[in-house]
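Here's the structure, in structure tokens; my notes come after.
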Amino acid sequence: MPELPEVETVVRGLRTALPGRCIVSVRLGKTDFIDDPVTLGESLPGRRIAAVERIGKFIHLQLAPEASNGSTHSDAPSHLMVHLGMTGRLVVRAADEPAPPHTHVYFQLDDGRELRYTDIRRFGQMLLLRDAKIAELRERLGEDALTISADEFQRRLAGRRARIKALLLDQSVLRGVGNIYADESLWRARLHPARLAAKLKKEDIDRLRQAVQRVLGDAIRLRGSSISDFVDSNGQPGGYQRWHRVYAREDEPCYRCHAIIRRVIVAGRSSHFCPRCQPAPRTPGKPPAKRAARTRRTSSQKRFRRTR
DNA sequence: AGCTCTTCCTGAAAGC
DNA sequence: TGCTTTCAGGAAGAGC
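First residue of the first sequence: 17, per this note's numbering; consecutive thereafter.
See below:
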């Protein structure tokens, strides 16, 4: 499932292939994940891709201003935003290479290749935005997890009565972290996912920020985690899943203390942690036994295909 | 404010 | 063996 490191990996790959290329034509399959498929199909042909960047978990393709050849409608959207959702893939392939099933968008490029979007579950999104809307989106998505300062991180978490796990996943607080890297970061910072942010000490929050940035940085270096479907823009899997300390390791020993990794539901999300390294908060109303009862069945967890 | 539940979707695997 | 059920999850929206 693509989170910040996976999206960053894809963006870096696309950057070697796309800037300067012109979109010749667009072919669409299912379009229920595209905000405006008609405009997408009509306004992109002839446009040149100027730049590729990452905004949180979105891939942002910046389109060059339209050539002023008579029929210029200068308000044509210039930003194509792609969210990979759970199973989205964005790859560049030779146009004559067969596309995998569930490929729903084909952008034919002027170098004989195609930029293709494949998404089994179609939880992804494709949006066309005008300049003004980009600023709005950035605002809504909070500070980037990779670059947020210690002060800003404190400011955004301090006093919040939500569980720390919920806040890490909230893209309006911090952009880019998803379930895998939230769990890995909390393990590194030795914080239980159900701790309330308001009850954390300043040094806990500082340690958490360092853990988040360390984990994301390591994952980017290994080109992301491939669990289930992730591949980069060349179709290659990442390598960070081999370094996961808690995610999908339920019932296995903690690498630090050898206690058995557990999984509970926090903030509606499957959360993996070490019960010894990450002690549970004392919550008067909710004794640990009660939360334990909420643990879901475990065996199905093993079904994640680990790449290598 | 923040929690839970639901919805979207598919494929894999558990359960019977 | 084969059909049915369950489950994962990013994000948004409803309802409490």
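We treat Cβ as the ideally placed atom computed from N, Cα and C, and that holds for glycine.
Small disclaimer: the values here were computed from a predicted structure and weren't measured.
Worksheet item: Quick one: is R237 buried, meaning 16 or more other Cβ sit within 10 Å of its Cβ, or exposed?
Response: Numbered from its first residue, the first sequence carries residue 237 at position 221. By the neighbour-count rule (16 or more Cβ atoms within 10 Å), R237 is not buried but exposed.
Practice prompt. Just the C-alpha distance for S249 and V121, rounded to the nearest angstrom, thanks.
Written response: For this step, residue 249 is matched to residue 233 along the first sequence. For this step, residue 121 is matched to residue 105 along the first sequence. Computed Cα separation, rounded: 15 Å.
Worksheet item: Since P18 contacts A67 with CB under 8 Å, what's their CB separation in whole angstroms?
Response: As a working note, residue 18 is residue 2 in the first sequence. As a working note, residue 67 is residue 51 in the first sequence. The pair is not a contact, with the Cβ atoms about 20 Å apart (cut-off 8 Å).
Worksheet item: Taking the continuous beta strand (DSSP E) assigned at F123, which residues delimit it?
Response: Against the first sequence, residue 123 aligns to sequence position 107. From DSSP, the beta strand (DSSP E) with F123 extends over 119-125.
Worksheet item: Quick one, are the C-beta atoms of E200 and V231 less than 8 Å apart?
Response: Within the first sequence, the letter at position 184 stands for residue 200. Within the first sequence, the letter at position 215 stands for residue 231. The answer is yes: Cβ separation under 8 Å.
Practice prompt. Please look up how many angstroms separate the CB atoms of I333 and P61, rounded, as I've assumed it's under 8 Å.
Written response: Outside the displayed span of the chain (17 to 324) sits residue 333, for which this structure offers no information.
Practice prompt. Could you name the residues of the same chain whose beta carbon sits closer than 8 Å to that of E168, not counting the 5 residues immediately before and after it, in chain order?
Written response: Looking up residue 168 in the first sequence gives position 152. Once the five neighbours on either side are set aside, the close Cβ partners of E168 are E159.
Worksheet item: P35 by DSSP, collapsed to three states: which one?
Response: Stepping through the first sequence from its first residue, residue 35 is reached at position 19. Three-state result, P35: coil.
Discussion item. I need the straight-line Cα distance from V184 to P116, nearest angstrom please.
Written reply: Along the first sequence, read from residue 1 onward, the residue named residue 184 stands at position 168. Along the first sequence, read from residue 1 onward, the residue named residue 116 stands at position 100. The amino acid at residue 184 is misidentified as Val; the sequence shows Leu. One C-alpha to the other measures close to 34 Å.
Worksheet item: By DSSP, does L185 sit in helix, in strand, or in coil?
Response: Reading the first sequence from its first residue, position 169 is the one you call residue 185. If DSSP states are grouped into helix, strand and coil, L185 belongs with the helices.
Discussion item. So the candidates are G45, L145, R146, R211; which of them puts its Cα closest to the Cα of R177?
Written reply: For the purposes of this step, residue 177 is taken as the residue at position 161 of the first sequence. The shortest Cα separation from R177 among G45, L145, R146, R211 belongs to R211.
Fill in: Runs of beta strand (DSSP E) lying entirely within the stretch 43-86, each at least 3 residues, in chain order
65-71, 74-79
Worksheet item: Roughly how far, in whole angstroms, is the beta-carbon of G45 from the beta-carbon of G101, given that I think they are within contact range, below 8 Å?
Response: Indexing the first sequence from 1 puts residue 45 at position 29. Indexing the first sequence from 1 puts residue 101 at position 85. So it is not a contact: roughly 16 Å between Cβ atoms.
Discussion item. The beta strand (DSSP E) that contains E130, what's its start and end?
Written reply: On the first sequence, position 114 is the one that residue 130 refers to. Counting along the chain, the beta strand (DSSP E) containing E130 begins and ends at 129-135.
Discussion item. Taking 8 Å as the threshold (C-beta atoms), are R138 and D51 in contact?
Written reply: Position 35 of the first sequence, counted from the first residue, corresponds to residue 51. Position 122 of the first sequence, counted from the first residue, corresponds to residue 138. No. Outside cutoff.
Item to complete: State the beta-bridge partners of H99 as determined by DSSP.
Response: Numbered from its first residue, the first sequence carries residue 99 at position 83. F74, Q141, per the DSSP bridge assignment.
Fill in: When F289, Y256, G251 are compared against V27, the one with the closest alpha-carbon
Position 11 of the first sequence, counted from the start, is the residue given in the question as residue 27. When each option's Cα is compared against that of V27, the closest is G251.
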